[in-house]
Amino acid sequence: MSLPSAIPRLFWLPLFLLAGVGTSVAVCLAAIAFFWINNKGSSYRISNPLHFVHEILTSNKTNISPSIDADSDLLDEAVTVTEASPAFSSDTVGRSVTDTSTSQLKTERVTVSVALDSTQQEALSLLKKLKIIENDVKGDELCTKREYARWLVHLNSYLERSPKHRIVPSILMAGSVVAAFDDVAIEDQDFVSIQALAEAGIIFSKLSKMSDNSAPDVLIDQEGLNFFPERFIFRKDLINWKAQLEYEFISNMGKEISRRKVAFMDMKEISAEASPGLLMDMMAGDKSIHRKVFGQMKRFQPSRPSTKAQAAVALTSGKMTEAIHGELQRLEAENSARFDMMEEIKSELLGRGDIEKFWQKKIKEVRTRGLGAERSYEAAVYDLKQEKLVQEKYLSEYLKKKGAIDCQRQLLLSLKEEVNEMLERLSSERILLTAEQHSLQNMRNDLQAKQEGILDAKSILESQIEALRIYRSWVEEEARKSQTRAKFLEEVTRRWKWEKQG
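For the sequence shown, our numbering assigns the number 515 to the last residue and increments by one with no breaks.
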């Protein structure tokens with residue numbers, strides 16, 4: 014059983030029990046949404062899980078007793094919704110956790126897919142038929158400022174007939190030399206639409222004469238004035254841009270607003286940043302754009318992003334409703350007239366027999382072309398057969414040449430093997446020859462060493478022989494001297510003996 018159907022049966026329960034059950038259900042739903050968000054991305058940041066319960070309680074307000082109404086009011090006061098600030102951008106969309114100094118609650122940005130109602134579906138269908146928006150646009154997706162500016166300018170220039178409220182980019186941008194925003198270059202695909210809105214004064218830009226503090230739909234950073242086209246468009250900008258093309262502004266707007274009762278709980282927040290277009294739309298009551306787009310609500314939440322379906326409803330509201338239906342009727346009338354004309358021409362041609370003659374002529378031409386094609390086919394087949402015979406002849410000759418070349422290749426391979434063997438033998442013999450040359454060189458060196466030794470020995474022997482010869486001559490001379498001395502001694506001895514005997 015769903016929670017909305019269960020609430021009327023629980024009106025008699027104590028308040029704390031109702032709050033506990035609602036909190037448990039909301040926590041479960043938040044846990045499921047948390048895991049789903051990690052894969053799908055996110056769009057809104059909520060600071061309390063009871064937000065879903067609050068939506069259910071407020072949607073079923075008429076079916077709940079006064080005690081439940083009081084409880085829903087308490088829940089409404091307890092629940093705080095952290096809306097997307099003007100500084101958040103599309104690249105920060107996703108899971109984010111914000112720590113606050115006053116509470117320990119973690120804010121999560123979630124995307125809740127909601128089915129489109131009949132009004133939104135009809136608006137999307139009308140704009141797609143008129144080629145204002147693309148056919149692949151999904152209504153449950155959030156709308157960017159770039160897309161809304163493109164669609165708004167396209168629709169206005171296409172259907173607006175009042176020169177006072179019509180935006181014609183070619184006229185507005187004639188002679189323009191200054192880009193309205195620093196982050197929208199001329200090469201941007203939506204530069205014309207955004208620049209046209211700035212030239213018309215619909216949005217605050219560098220071309221405006223307004224003060225920087227009065228810029229509701231742009232942000233000023235240290236580098237200059239930026240439009241941030243990829244950010245989601247807020248409710249206040251969605252209504253303001255459209256309202257400036259819809260209403261005639263009055264001078265005493267503030268007094269008129271003070272006299273009328275505006276049933277918004279967050280009117281202080283709206284008044285702090287309200288634009289003339291938004292205030293004029295609030296004064297329109299049930300015929301206002303915001304009533305048609307968002308329905309009956311107590312909290313406007315000006316800084317909350319808008320979906321593409323809501324943008325479509327805003328574009329088709331107001332004076333554009335009649336213009337769109339008139340354009341559709343005109344297109345249908347043109348299509349009907351075109352169809353009637355085609356039927357009339359068809360019946361006339363059938364009556365005169367022109368169609369039959371035309372198709373007979375076409376059939377005759379086709380048959381003639383068929384016969385020509387058949388003859389061409391037969392000629393081509395004959396040529397292919399002749400070419401096939403020639404190619405077969407060339408193939409046989411090629412095979413013969415290939416066989417001869419293969420034989421020569423085998424012969425060359427055998428010769429190559431023999432040459433390789435001879436090279437191997439020569440290499441081995443060269444190695445042996447080198448070894449023998451090395452050994453012969455060693456033997457030669459040894460013989461040279463021996464020869465040198467022999468020569469040394471010979472010189473020594475010759476020197477010894479010379480010494481012996483000298484010694485021999487000396488010995489012979491000494492021997493002669495000894496013989497002479499001996500003879501002298503013998504003579505002396507003989508004389509001594511003779512003298513002694515004498």
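Glycine included, every Cβ here is placed at the ideal spot set by N, Cα and C. If you're wondering where the values come from, they're calculated on a predicted model, not measured in any experiment.
Would Q134 count as contacting chain C if we go by Cβ distances under 7 angstroms? Included in the structure is just one protein chain, with no chain C present.
Integer-rounded CB distance, given that P315 should sit under 8 angstroms from K249: So it is a contact: roughly 4 angstroms between Cβ atoms.
Does the segment 155–164 come close enough to the segment 194–209 to have 3 or more Cβ pairs within less than 8 angstroms? With three or more CB-CB distances shorter than 8 angstroms, the segment 155–164 counts as touching the segment 194–209.
Between I302 and A327, is the Cβ-Cβ spacing less than 7 angstroms? Going by C-beta atoms, I302 is nearer than 7 angstroms to A327.
Inter-residue Cα distance where the pair is G364 and N253: The straight-line gap from Cα to Cα measures roughly 60 angstroms.
C156: first and last residue of the uninterrupted alpha helix (DSSP H) it sits in: C156 -> no alpha helix (DSSP H), and no H or E assigned at all.
Alpha helix (DSSP H) containing G290: first to last residue? Per DSSP, G290 belongs to the alpha helix (DSSP H) from 289–296.
Simplified DSSP assignment, three categories, for E512: In this structure, E512 counts as helix in the three-state DSSP scheme.
Leaving out the 5 sequence neighbours to the left and right, which residues in its chain are closer than 6 angstroms to E173 when beta-carbon positions are compared? These residues qualify, in order along the chain: R179.
State the beta-bridge partners of F245 as determined by DSSP. Paired residue(s): T157.
With a threshold of 6 angstroms on Cβ separation, who are the neighbours of I246 within its own chain once the five nearest residues in sequence on each side are excluded? Excluding sequence positions up to five before and after I246, its CB lies within less than 6 angstroms of the CB of C156, K158, Y161, S319, all in the same chain and listed in chain order.
Other residues of its chain near A516: CB distance less than 8 angstroms, five sequence neighbours each side excluded: Only positions 14 to 515 of the chain appear in this structure, which leaves residue 516 out of reach.
Per-residue burial, D396 [other beta carbons within 10 Å of its own, 16 or more giving buried]: Classification for D396: exposed.
K359: first and last residue of the uninterrupted alpha helix (DSSP H) it sits in: For K359, the enclosing alpha helix (DSSP H) begins and ends at 332–365.
For I372, count neighbouring Cβ atoms within 10 angstroms of its own Cβ and tell me buried if that reaches 16, exposed if not. Checking the sequence, you will find Trp at residue 372 rather than Ile. So W372 counts as exposed.
Is it buried or exposed, M295, if we count other Cβ atoms within 10 angstroms and call 16 or more buried? Buried, by the Cβ-count rule.
As a quick exercise: from M310, G290, S206, E261, pick the residue whose alpha carbon is nearest that of M278. Considering only alpha carbons, the answer is M310.
Can you say whether S441 is buried or exposed, counting buried as having 16 or more other CB atoms within 10 angstroms of its CB? Exposed, because fewer than 16 other Cβ atoms sit within 10 Å of the Cβ of S441.
Per DSSP, which residues does P318 bridge with? Please list them. The partner list for P318 (beta bridge, DSSP) reads F247.
When the Cα of A192 is compared with those of L220, E431, I215, Y407, which residue comes out closest? When only C-alpha atoms are compared, the closest one is L220.
Inter-residue Cα distance where the pair is Q235 and E345: Its pLDDT being 40, under 50, Q235 is placed unreliably by the model, and nothing is read from it.
So what does DSSP say about I444, is it helix, strand or coil? DSSP places I444 within a helical segment (H, G or I) once states are collapsed to three.
Going along the chain, which residues of its own chain have a beta-carbon closer than 6 angstroms to the beta-carbon of P176, five neighbours each way excluded? So no residue of the chain qualifies.
If the criterion is Cβ atoms closer than 7 angstroms, does the pair V166 and S206 meet it? In this structure, S206 lies closer than 7 angstroms to V166 by Cβ.
DSSP state of I483 mapped onto helix, strand, coil: Secondary structure at I483: helix, using DSSP grouped into helix, strand and coil.
Boundaries of the alpha helix (DSSP H) in which H303 is found, first to last residue: It spans 302–307 - the alpha helix (DSSP H) in which H303 sits, taken as one unbroken run.
Applying the 10 Å Cβ sphere with the 16-neighbour rule, what's the burial state of V379? Residue environment: V379 is assigned as exposed (fewer than 16 neighbouring CB atoms within 10 Å of its CB, all protein chains considered).
For F177, which of helix, strand or coil comes out of DSSP? At residue 177 the sequence reads Lys, which differs from the Phe that was named. Coil, per DSSP.
Close-in-space but distant-in-sequence residues of the same chain around E490 (CB under 8 angstroms, 5 per side omitted): Taking C-beta separations shorter than 8 angstroms and ignoring five residues to either side along the sequence, E490 has no partners in its chain.
Helix, strand or coil for R312? Go by DSSP, reduced to three states. Look at R312 here: in three-state DSSP terms it is coil, with no helix or strand label.
Sequence-distant residues of its chain with Cβ nearer than 7 angstroms to E503 (five each side left out): Cβ neighbours of E503 beyond the five flanking positions: none.
Flag this pair as yes or no: are the beta carbons of I215 and Q257 separated by less than 7 angstroms? For the pair I215 and Q257, the CB atoms are nearer than the 7 angstroms cut-off.
Based on Cα-Cα distance, which residue from R507, R485, W509, T132 lies nearest to G308? For G308, the closest C-alpha among the options R507, R485, W509, T132 is that of T132.
Tell me whether T381 sits in a helix, a strand or coil according to DSSP, three-state version. It is helical.
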